[in-house]
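Participant:
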Amino acid sequence: MSKAYDYAKIEKKWQDIWDEKQTFAAKDDYSLPKFYGLVEFPYPSGQGLHVGHPRSYTALDIVSRKKRLEGYNVLYPMGWDAFGLPTENFAIKNHIHPSIVTENNIANFKRQLKSLGFSFDWSREINTTDPSYYKWTQWIFLQLFKKGLAYKKKMSVNWCTSCKCVLANEEVVNGHCERCGSEVVHKEKSQWMLKITDYAEKLLEGLNDVDFIDRVKTQQRNWIGRSYGTQVKFTASTGDEFEIFTTRADTLFGATYMVMSPEHPLIEKWADKIENMEEVLAYKQEAAKKSDFERTELAKDKTGVKLEGVTAINPVNKKELPIFISDYVLISYGTGAIMAVPAHDDRDWEFAKKFGLPIIEVVSGGEDVQNAPYTECATGKMVNSGFLDGLSVEEAKKAMQKWLADNNLGCVKTNYKLRDWVFSRQRYWGEPIPVVYCEKCGYVPLPESELPLVLPNVDSYEPTDNGESPLAKMTDWVNTTCPHCGGHAVRETDTMPQWAGSSWYFLRYCDPHNDKEFASKEALEYWCPVDWYNGGMEHTTLHLLYSRFWHKFLYDIGVVPNPEPYAKRTSHGMILGENGEKMSKSRGNVVNPDDIVRDYGADTMRVYEMFIGDFEKAAPWSQSSIKGSKRFLEKVWALNEKLTDGEEYRPELEANFNRTIKKVTEDIEGLKMNTAIAALMSLLNDIQATGSITRGEYRTYLLLLNPFAPHMTEELWEICGFGGMLNEAKWPTFDESKCVDSAVEIAIQVNGKIKARINVPAEIAAPDAIALAKEDSAVAEAIGGKTVIKELYVPKKLVNIVVK
RNA sequence: GCGGGUGUGGCGGAAUUGGCAGACGCACUAGCCUUAGGAGCUAGCGCAUUAGCGUGCAGGUUCAAGUCCUGUCACCCGCACCA
């Protein structure tokens with residue numbers, strides 16, 4: 051009597067065995083070939099695991115399990131990115147300490163992950179809120195500080211009105227907070243900044259050497275936004291020199307006015323020279339008041355104020371140009387000032403039309419520039435441009451750059467859209483920034499020996515309306531002595547953003563219990579870089595960019611062995627609700643993984659999520675489709691009753707097995723789990739048609755299915771007595787020459803239309819195949835009485851006879 | 001506006017060095033079994049009465065096009081006054 055497929059019992063049994071035996075612990079034997087697979091560690095929220103998490107985790111679990119069977123020493127770790135606002139907010143609301151909330155959430159997440167049978171190495175579990183972990187996050191911050199890459203600056207920052215906290219540029223989406231969706235406004239604040247802009251070029255260049263999917267590379271490139279241009283020196287009527295940045299130095303003769311950002315420092319300096327200073331200041335105030343959202347909304351309508359009493363001189367033709375201020379020129383990009391060439395720039399043209407400014411054509415080849423700007427630069431020729439006349443745009447650009455350089459009026463310059471990373475947050479639940487402020491010595495880093503600087507217990511974690519961190523109220527903690535002069539000093543009370551701990555966590559996994567270094571040199575040299583990293587597209591310009599930045603910095607100071615942290619990056623699509631919308635509580639379409647595991651089992655859940663569709667694309671959840679995966683596994687289970695002796699593949703299935711091994715092996719590497727499963731289903735159908743399965747066939751089948759459905763296959767392996775545990779067996783191999791059946795069905799076409807199908811030997815010669823094709827009655831009829839012009843045989847596919 | 005991507009049955013999706021479109025699964029239909037169930041088994045399942053027609057649409061190249069070329073439409077994602 052055979053056992054029924056009792057998934058609940060089987061899954062529990064194997065999960066316990068794996069735990070007890072530490073089956074999936076990575077070995078410290080550095081002589082073995084290694085594979086480091088990584089998935090983004092979750093934020094342990096109170097809601098528990100989302101069905102989206104297992105999509106990523108299962109995919110790399112499959113890769114990891116296959117790599118182990120292929121003999122690799124695999125590191126597939128998991129941990130917790132546990133600092134963050136939701137935990138803090140929950141703690142505030144329920145009067146529980148955030149560390150307790152975190153602990154509870156982690157326990158729940160861990161239970162859920164274990165219930166899905168992921169082969170994580172739990173002995174290397176890390177937690178970003180653990181002082182023994184964030185000690186090293188702080189240590190890295192100190193290194194950045196020492197190299198001048200962390201600095202404090204008073205500036206206009208993005209302020210989330212609901213989180214009561216500053217945000218990095220990367221965290222602002224359409225003028226709203228990336229996390230909570232509330233409106234973002236500008237606020238003048240002194241903030242810690244990280245100079246990621248110093249790494250713009252390296253972050254860009256590094257992309258050429260890694261295997262990231264194209265859309266990730268493209269998005270990062272766009273975000274960094276490199277542009278090659280020219281910086282040109284202008285002189286104002288006040289005698290002050292100022293610079294502008296342009297990518298169109300060729301159009302310098304077409305400049306008819308200048309625009310400065312309202313925040314440009316010269317505006318203040320010229321306060322007594324500008325005749326309409328009141329109007330200018332009013333405009334500046336108005337611009338500052340606008341939120342990011344309003345600014346984008348109003349982007350179409352150009353506004354500005356002309357400076358009365360101050361003008362600029364165009365260095366190429368000495369023409370006097372009016373100067374405007376307008377918020378379409380950003381203080382944070384380039385030099386905060388531009389020359390405006392309305393004939394050849396959309397924005398300048400719009401502004402010129404609105405303010406009735408002259409439009410002078412300097413590139414010919416377009417329509418009348420009075421009607422529309424001509425921005426095309428591939429074909430035009432220079433006109434009205436003195437020594438540039440007749441040149442192409444590209445030639446003119448070079449000639450102008452040379453002229454400017456020769457006359458000491460400008461230089462070539464590369465600009466980036468990327469801005470420095472706003473690194474402080476006015477919240478409690480984050481890593482304390484290990485710096486004190488001393489009246490005498492300024493900002494002084496804590497000595498490394500004093501790390502970790504532990505987050506103190508406070509009575510209230512409530513964010514404050516005045517924009518101060520809750521830690522500021524802890525006067526005992528705040529008041530301290532200066533490590534440099536021993537005098538009075540105050541601690542930094544802002545904390546680090548959530549992205550800090552996740553910027554280097556993959557390094558800690560290499561050597562998670564090391565209390566001397568963040569990881570030993572040997573461990574890093576063996577395990578790095580991460581061979582394959584899968585994660586969400588939403589992290590492309592946040593976590594992925596930030597962690598590459600930190601890693602490149604660590605490489606530059608000689609503490610990590612590779613310039614890039616991740617050799618390969620892939621990304622999964624979202625799992626949507628059954629209605630095709632994003633899963634959310636408010637839409638009521640959330641699926642809880644616990645329910646699926648309970649009702650169908652972890653193996654079914656894993657197979658279903660992999661079979662749901664193209665891994666990279668979003669896919670709607672379908673409760674009824676899960677049944678297909680369940681039926682599939684039940685059929686595989688039922689085969690153990692049809693077992694017959696024999697270690698070989700039966701001749702009629704030999705090619706099929708070889709093909710399937712090839713397909714599954716290659717599809718796993720290509721993240722095409724859906725077609726790998728389809729191939730296994732197809733093979734199963736063919737096996738079922740024979741009414742039995744040999745031991746050798748079953749053994750191979752279970753190995754192929756194991757990465758997808760690890761519990762059930764281990765159980766069947768044991769039931770069948772295949773020896774040892776499946777996870778210790780070897781991944782099956784295939785013989786390319788045996789992948790094709792000896793006889794194949796080919797299609798016969800006449801003039802490209804299918805007339806018949808016949809079976810022929812796989813290695814049949816073309817003339818023989820064509821002759822056989824002509825014997826078919828339907829084919830004979832179709833070509834009867836006509837002249838054959840051409841006859842083709844595509845091996846193993848078809849014959850096409852062309853007639854007239 | 002710029003950048004990236006996608007359009008294939010009722011649904012999720014296969015198939016791209018050009019070579020049998022719709023693999024695999026869901027749903028559906030019919031039949032069997034039945035302890036009556038939202039279980040299992042068998043068969044069918046792109047459209048069309050036929051010749052035929054079919055991969056967003058219109059052309060083109062080719063013996064042969066979902067796949068290549070030209071044009072066009074729709075939708076999704078990212079960035080967004082970056083000079």
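Residue numbers (the numbering used here): 51 to 854.
For each residue, glycine too, the CB sits at the ideal point set by N, CA and C.
Quick one: using the 10 Å Cβ neighbour count with 16 as the cut-off for buried, is Q673 buried or exposed?
Facilitator: Classification for Q673: exposed.
Participant: Check whether the segment 551-561 and the segment 177-189 are in contact - that is, three or more C-beta pairs closer than 8 Å.
Facilitator: The answer is yes - the segment 177-189 touches the segment 551-561, with three or more Cβ pairs under 8 Å.
Participant: Are the segment 618-635 and the segment 652-668 touching, with three or more C-beta to C-beta distances below 8 Å?
Facilitator: Enough Cβ pairs lie closer than 8 Å, so yes.
Participant: Would you tell me roughly how many angstroms separate the C-alpha atoms of L199 and E220, rounded to the nearest one?
Facilitator: Whole-angstrom Cα-Cα distance: 18 Å.
Participant: Per DSSP, which residues does M432 bridge with? Please list them.
Facilitator: Its beta-bridge partners are V413.
Participant: Do you know how far the Cα of G480 is from the Cα of L505?
Facilitator: L505 and G480: Cα-Cα distance of roughly 8 Å.
Participant: So, under 8 Å CB-CB, K368 and F401 are touching, yes? Tell me the CB distance rounded to an integer number of Å.
Facilitator: Incorrect: roughly 23 Å between the Cβ atoms, too far for contact.
Participant: Quick one: what's got a C-beta closer than 7 Å to R115's C-beta in the same chain, skipping five residues either side?
Facilitator: S169, N756, P757, P760.
Participant: Where does S277 land, buried or exposed, given buried means 16+ other C-beta within 10 angstroms?
Facilitator: With fewer than 16 Cβ atoms within 10 Å of its Cβ, S277 is classed as exposed.
Participant: Between H563, A338, A812, which lies nearest to M205 when the distance is taken from Cα to Cα?
Facilitator: The option with the nearest alpha carbon to M205 is A338.
Participant: Helix, strand or coil for Y493, going by three-state DSSP, please let me know.
Facilitator: Three-state DSSP puts Y493 in a strand.
Participant: Between which two residues does the alpha helix (DSSP H) carrying F195 extend?
Facilitator: 181-196 is the extent of the alpha helix (DSSP H) around F195.
Participant: Might you give, ordered along the chain, the residues of its own chain that have their beta carbon closer than 6 Å to the beta carbon of F195, omitting 5 neighbours on each side?
Facilitator: Only P495 meet the Cβ criterion.
Participant: In chain order, which alpha helix (DSSP H) runs of at least 4 residues are fully inside the segment 443-500?
Facilitator: Whole alpha helix (DSSP H) segments, 4+ residues: 443-456.
Participant: Residue range of the beta strand (DSSP E) that W582 falls in?
Facilitator: Run containing W582: 582-585, per the beta strand (DSSP E) assignment.
Participant: By the three-class DSSP mapping on this structure, what secondary structure does V794 have?
Facilitator: Here V794 sits in strand by DSSP.
Participant: Answer with buried or exposed for R558, where buried requires no fewer than 16 other C-beta atoms within 10 angstroms of its C-beta.
Facilitator: R558 comes out buried.
Participant: By the DSSP assignment, the alpha helix (DSSP H) with Y576 in it spans what residues?
Facilitator: 571-577 is the extent of the alpha helix (DSSP H) around Y576.
Participant: Quick one: Cα of I67 to Cα of D644, how far?
Facilitator: Those two C-alpha atoms are separated by around 21 Å.
Participant: In angstroms, rounded to a whole number, what distance separates the CA positions of H538 and F85?
Facilitator: Cα-Cα distance, rounded: 51 Å.
Participant: Under the three-state reduction of DSSP, which class applies to N158: helix, strand or coil?
Facilitator: The answer is helix: DSSP assigns N158 an H, G or I state.
Participant: Can you grab the Cα-Cα spacing for the pair T301 / K447, in whole Å?
Facilitator: Cα-Cα distance, rounded: 8 Å.
Participant: Tell me which same chain residues have a C-beta within less than 8 Å of the C-beta of D396, skipping the five on either side of it?
Facilitator: Once the five neighbours on either side are set aside, the close Cβ partners of D396 are P423, T425.
Participant: Between the Cα of L842 and the Cα atoms of K323, V800, I112, which residue gives the shortest distance?
Facilitator: Comparing Cα-Cα distances from L842 to each of K323, V800, I112, the minimum goes to V800.
Participant: Quick check on C488: buried or exposed, where buried means 16 or more other Cβ atoms within 10 Å of its Cβ?
Facilitator: Buried.
Participant: Are A812 and S787 close, meaning C-beta to C-beta below 9 Å?
Facilitator: Going by C-beta atoms, A812 is not nearer than 9 Å to S787.
Participant: Using a 10 Å radius around the Cβ and a threshold of 16 neighbouring Cβ atoms, would you call Q335 buried or exposed?
Facilitator: The residue is exposed, with fewer than 16 neighbouring Cβ atoms inside 10 Å.
Participant: Quick check on S206: does DSSP put it in helix, strand or coil?
Facilitator: In the structure shown, S206 sits in a strand (DSSP, three-state: E or B).
Participant: Write down the C-beta distance between S106 and G440 rounded to the nearest angstrom, noting that I regard them as a contact closer than 8 Å.
Facilitator: Actually they are not in contact, since the Cβ atoms of S106 and G440 sit about 58 Å apart, beyond 8 Å.
Participant: Whole angstroms are fine: how far does the CA of D78 sit from the CA of F292?
Facilitator: Going by the C-alpha atoms only, they are around 60 Å apart.
Participant: Applying the criterion that 16 or more other CB atoms from any shown protein chain within 10 Å of the CB defines a buried residue, is V16 buried or exposed?
Facilitator: A query on residue 16 cannot be resolved here, the shown segment of the chain reaching from 51 to 854 and no further.
Participant: So for M723, helix, strand or coil by DSSP?
Facilitator: In the structure shown, M723 sits in a helix (DSSP, three-state: H, G or I).
Participant: Would K431 and T280 be called neighbours here (beta carbons separated by less than 9 Å)?
Facilitator: No, the Cβ-Cβ distance between K431 and T280 is not below 9 Å.
Participant: Enumerate in chain order the residues of its own chain whose CB-to-CB distance from K854 is below 7 Å, with the five nearest sequence positions on each side excluded.
Facilitator: Closer than 7 Å at Cβ, skipping near neighbours: K836, T837, I839.
Participant: Do M308 and F343 count as a contact pair if the criterion is CB distance below 9 Å?
Facilitator: It is not a contact, given that the beta carbons lie outside the stated cut-off.
Participant: According to the neighbour-count rule (16 or more other Cβ atoms, all chains shown, within 10 Å of its Cβ), is N708 buried or exposed?
Facilitator: The residue in question, N708, is buried, as its Cβ has 16 or more Cβ neighbours within 10 Å.
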